[in-house]
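Numbering (our numbering), first residue to last: 9 to 215. Beta carbons are placed, not taken as given, at the ideal position from N, Cα and C, and that holds for glycine.
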């Protein structure tokens, strides 16, 4: 199998952290230069028509895209070190928390960066600065909600580390790097403590 990634992008990092946490054997990594527009090339679009990373090319030539779908496939092949739920009930609640982290935390962060950061201008034309700033406010609303949740439980989805923590962490680091967001300095002590705990895991450097 081959995994198509883009260095520093949060979604490929989610898959790479997931693989590391599950001790999945290394596979071929193919870097896609999104700043140079390689994800829009005919060659890449023939594999991934929506021009997104990551994408997993299977040994039979089929290509699976969308981060959570890739992780679900890998969890099926490598069930050890379960990260998505042991039974239907746990799977449902972990997916709920993961979707929340993706849509209400990573989503606003990505929009804020894409519409306000000059380095992302080639990927987002036109940029709408007012929209980007409004998304920064949404990001902080989500940070407040996450901080409150983490005051009551150890991990994003409850009492164990799951895919939801990977999604939330990769989103946080994206904001930390390009928006200079520092949870602790903005009063989100529980979110900062959780971030530091995840950052200490070996998988956090696996990208």
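With H, G and I counted as helix, E and B as strand and the rest as coil, what does DSSP make of residue i?
i: residue 73; result: strand
i: residue 63; result: strand
i: residue 36; result: strand
i: residue 131; result: helix
i: residue 213; result: helix
i: residue 12; result: strand
i: residue 201; result: helix
i: residue 57; result: coil
i: residue 20; result: helix
i: residue 45; result: coil
i: residue 92; result: coil
i: residue 82; result: helix
i: residue 187; result: coil
i: residue 26; result: helix
i: residue 68; result: coil
i: residue 208; result: coil
i: residue 177; result: helix
i: residue 192; result: helix
Tell me the rounded alpha-carbon separation between residue i and residue j.
i: residue 125; j: residue 46; result: 20 Å
i: residue 18; j: residue 182; result: 6 Å
i: residue 80; j: residue 11; result: 14 Å
i: residue 88; j: residue 201; result: 27 Å
i: residue 37; j: residue 135; result: 31 Å
i: residue 158; j: residue 105; result: 12 Å
i: residue 156; j: residue 130; result: 36 Å
i: residue 115; j: residue 176; result: 11 Å
i: residue 86; j: residue 140; result: 39 Å
i: residue 76; j: residue 95; result: 17 Å
i: residue 192; j: residue 103; result: 27 Å
i: residue 173; j: residue 34; result: 22 Å
i: residue 69; j: residue 213; result: 29 Å
i: residue 74; j: residue 178; result: 15 Å
i: residue 187; j: residue 164; result: 22 Å
i: residue 132; j: residue 109; result: 23 Å
i: residue 48; j: residue 138; result: 27 Å
i: residue 51; j: residue 16; result: 22 Å
Once you ignore the five residues that flank residue i on each side, which residues in its own chain have a CB closer than 7 Å to its CB?
i: residue 128; result: 121, 122
i: residue 91; result: 26, 29, 30, 83, 170, 171
i: residue 78; result: 23, 62, 64, 72
For residue i, which residues of its own chain have a beta-carbon under 6 Å away from its beta-carbon, when the five flanking residues on both sides are left out?
i: residue 119; result: 143
i: residue 180; result: 203
i: residue 14; result: 20, 40, 42, 61
i: residue 211; result: 25, 28, 29
i: residue 146; result: 116
Ordered along the chain, which non-local residues of its own chain (more than five positions away) have a Cβ less than 8 Å from that of residue i?
i: residue 190; result: 184, 200
i: residue 161; result: 167
i: residue 196; result: 151, 152, 154, 155
i: residue 9; result: 35, 36, 64, 65, 66, 67
Check whether the segment 89 to 101 touches the segment 142 to 154, taking contact to mean three or more Cβ pairs, one atom from each stretch, closer than 8 Å. no
Below 8 Å, how does it come out for the segment 199 to 211 and the segment 55 to 64: are there three or more Cβ pairs, yes or no? no
How about the segment 66 to 83 and the segment 17 to 32: do they share at least three Cβ pairs that are nearer than 8 Å?
yes
Q: Enumerate, from N- to C-terminal direction, the unbroken alpha helix (DSSP H) stretches of 4 or more residues contained entirely within the segment 108 to 175.
A: 115 to 124, 137 to 158
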